[in-house]
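**Student:** Take this structure, written in structure tokens, and hold onto it; I'll ask about it next.
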Amino acid sequence: MLSLSRISKSYTEDQHVLLPTDLNVKKGEFVSIIGPSGCGKSTLLDIIAGINKPTNGTVHYNGEEITNRTGLVGYMPQSDVLFPWRTVLDNVILPLEIQGSGKEEARNQARGLFPKFGLEGYEDHYPFMLSGGMRQRANFLRAYLNNKELLLLDEPFGKLDAMTRLELQKWFIQICEETGQTVIFITHDMDEAIFLSDRIFILSPRPGRIIEEVSVEFTRPRTDDLFTNMKFASLKRRLLDVLYLKKT
Numbered sequence: 001m002l003s004l005s006r007i008s009k010s011y012t013e014d015q016h017v018l019l020p021t022d023l024n025v026k027k028g029e030f031v032s033i034i035g036p037s038g039c040g041k042s043t044l045l046d047i048i049a050g051i052n053k054p055t056n057g058t059v060h061y062n063g064e065e066i067t068n069r070t071g072l073v074g075y076m077p078q079s080d081v082l083f084p085w086r087t088v089l090d091n092v093i094l095p096l097e098i099q100g101s102g103k104e105e106a107r108n109q110a111r112g113l114f115p116k117f118g119l120e121g122y123e124d125h126y127p128f129m130l131s132g133g134m135r136q137r138a139n140f141l142r143a144y145l146n147n148k149e150l151l152l153l154d155e156p157f158g159k160l161d162a163m164t165r166l167e168l169q170k171w172f173i174q175i176c177e178e179t180g181q182t183v184i185f186i187t188h189d190m191d192e193a194i195f196l197s198d199r200i201f202i203l204s205p206r207p208g209r210i211i212e213e214v215s216v217e218f219t220r221p222r223t224d225d226l227f228t229n230m231k232f233a234s235l236k237r238r239l240l241d242v243l244y245l246k247k248t
């Protein structure tokens, strides 16, 4: 579905962000990318989304080269992208309006998804009236309404407290398992990466390059009992060893 070939990024001859990197994602996969801060994870996501031009290399999506092309994948950045002057309902329909849907048509389409996304009853609220977890649900729904096969998520749970993060992890993985959504997910949290993913790619310190690909072979659907599984602990130990011992 998605293929990156020899993607690299440098800002100057001496400032390299990403070394030549290859990455392949299959349809329906949930793939996480982990690595130290500043290693180029977000840059890689921006290149896939077409909003950051690679220095070298190509991006192919469903057999077509899409390097530097925007609007072909769903993208949820780290920052909160809800507009404070719009209600939750009118925030989430923005992708549909951009695609040409009338406001009422878009509202009707979005309303049907509010229960699935845990937002029923919040349609007419404004973002400042929501908790952090509820705001992220709204951000997820807006990204989902792009109606793209591939969804890029840049640390969507990073600013949430531990209990809210776990609640949203369980909710989001259920959504993905039900819909077969293809996801590339950036996180610093190894437990989160293991719990959610089919595969995990580990980037080296900057300049980043993929130094390990780890398969996560737990069956789906997944529950939070997985966190106490000995195989889960063993897989986390493997990730730690790669991150802290295999740095080049």
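In UniProt numbering, the protein residues as written are 1 to 248.
Where is the CB? At the ideal position from N, CA and C, for every residue including glycine.
Here the structure is a predicted model, which means the values were calculated and not measured.
Helix, strand or coil for residue 149 per DSSP?
**Tutor:** DSSP places residue 149 in coil when its eight states are reduced to three.
**Student:** Indicate the three-state DSSP secondary structure (helix, strand or coil) for residue 9 in the structure shown.
**Tutor:** In this structure, residue 9 counts as strand in the three-state DSSP scheme.
**Student:** Measure how close the beta-carbons of residue 23 and residue 200 come, nearest whole angstrom, since I'm counting them as under 8 Å.
**Tutor:** Actually they are not in contact, since the Cβ atoms of residue 23 and residue 200 sit about 12 Å apart, beyond 8 Å.
**Student:** Do residue 9 and residue 43 have their C-beta atoms within less than 8 Å of each other?
**Tutor:** Going by C-beta atoms, residue 9 is nearer than 8 Å to residue 43.
**Student:** Would you identify the three-state DSSP class for residue 93, choosing helix, strand or coil?
**Tutor:** Coil, per DSSP.
**Student:** Run through DSSP, which three-state label would residue 122 get?
**Tutor:** In this structure, residue 122 counts as coil in the three-state DSSP scheme.
**Student:** Along the chain, where does the beta strand (DSSP E) containing residue 173 start, and where does it finish?
**Tutor:** Premise fails: residue 173 lies in the alpha helix (DSSP H), 162-179, not in any beta strand (DSSP E).
**Student:** Considering Cα atoms alone, identify which of 119, 69, 84 and 239 is closest to residue 53.
**Tutor:** That would be 69, whose Cα lies nearest to the Cα of residue 53.
**Student:** Counting C-beta neighbours from all protein chains within 10 Å, is the total for residue 41 16 or more, i.e. buried, or is it exposed?
**Tutor:** Label assigned to residue 41: buried.
**Student:** With 16 other CB atoms within 10 Å as the buried threshold, where does residue 187 fall?
**Tutor:** Buried: at least 16 other Cβ atoms inside 10 Å.
**Student:** With burial defined as no fewer than 16 other Cβ atoms inside 10 Å of the residue's Cβ, what is the status of residue 146: buried or exposed?
**Tutor:** Answer is buried; the Cβ neighbour count reaches 16.
**Student:** Quick check: what's the CA-CA separation for residue 3 versus residue 61?
**Tutor:** Approximately 6 Å, taken between the alpha carbons.
**Student:** Could you tell me if residue 13 is buried or exposed, where buried requires 16 or more neighbouring beta carbons within 10 angstroms of its beta carbon?
**Tutor:** Answer is exposed; the Cβ neighbour count stays below 16.
**Student:** Only counting the same chain, and skipping five residues up and downstream in sequence, which positions put a Cβ closer than 7 Å to that of residue 25?
**Tutor:** Correct list, in chain order: 1, 2, 31, 182 and 184.
**Student:** Is DSSP giving residue 248 helix, strand or coil here?
**Tutor:** Low confidence applies here, because residue 248 scores a pLDDT of 46, under 50, leaving its location unreliable and the question unanswered by this model.
**Student:** Label residue 79 either buried or exposed according to how many other C-beta atoms from any shown protein chain fall within 10 Å of its C-beta, with 16 as the threshold for buried.
**Tutor:** Looking at its Cβ environment, which holds fewer than 16 other Cβ atoms inside 10 Å, residue 79 is exposed.
**Student:** Could you check where the alpha helix (DSSP H) with residue 142 kicks off and where it finishes?
**Tutor:** Segment 132-144, the alpha helix (DSSP H) holding residue 142.
**Student:** Per DSSP, what kind of secondary structure is residue 56 in: helix, strand or coil?
**Tutor:** Residue 56: strand per DSSP, three-state reduction.
**Student:** Would you mind reading off the limits of the beta strand (DSSP E) that contains residue 195?
**Tutor:** Looking at the DSSP string, residue 195 is not in any beta strand (DSSP E); the run it does join, the alpha helix (DSSP H), is 190-196.
**Student:** Do you know how far the Cα of residue 208 is from the Cα of residue 107?
**Tutor:** If you take the alpha carbons of residue 107 and residue 208, they lie about 42 Å apart.
**Student:** Can you tell me whether residue 239 is helix, strand or coil according to DSSP?
**Tutor:** Helix.
**Student:** Which class does residue 84 belong to by DSSP, given the choice of helix, strand or coil?
**Tutor:** Note: residue 84 maps to coil in three-state DSSP.
**Student:** Who are the Cβ neighbours of residue 219 in its own chain at under 6 Å, not counting the five residues just before and after it?
**Tutor:** Nothing listed; no residue qualifies.
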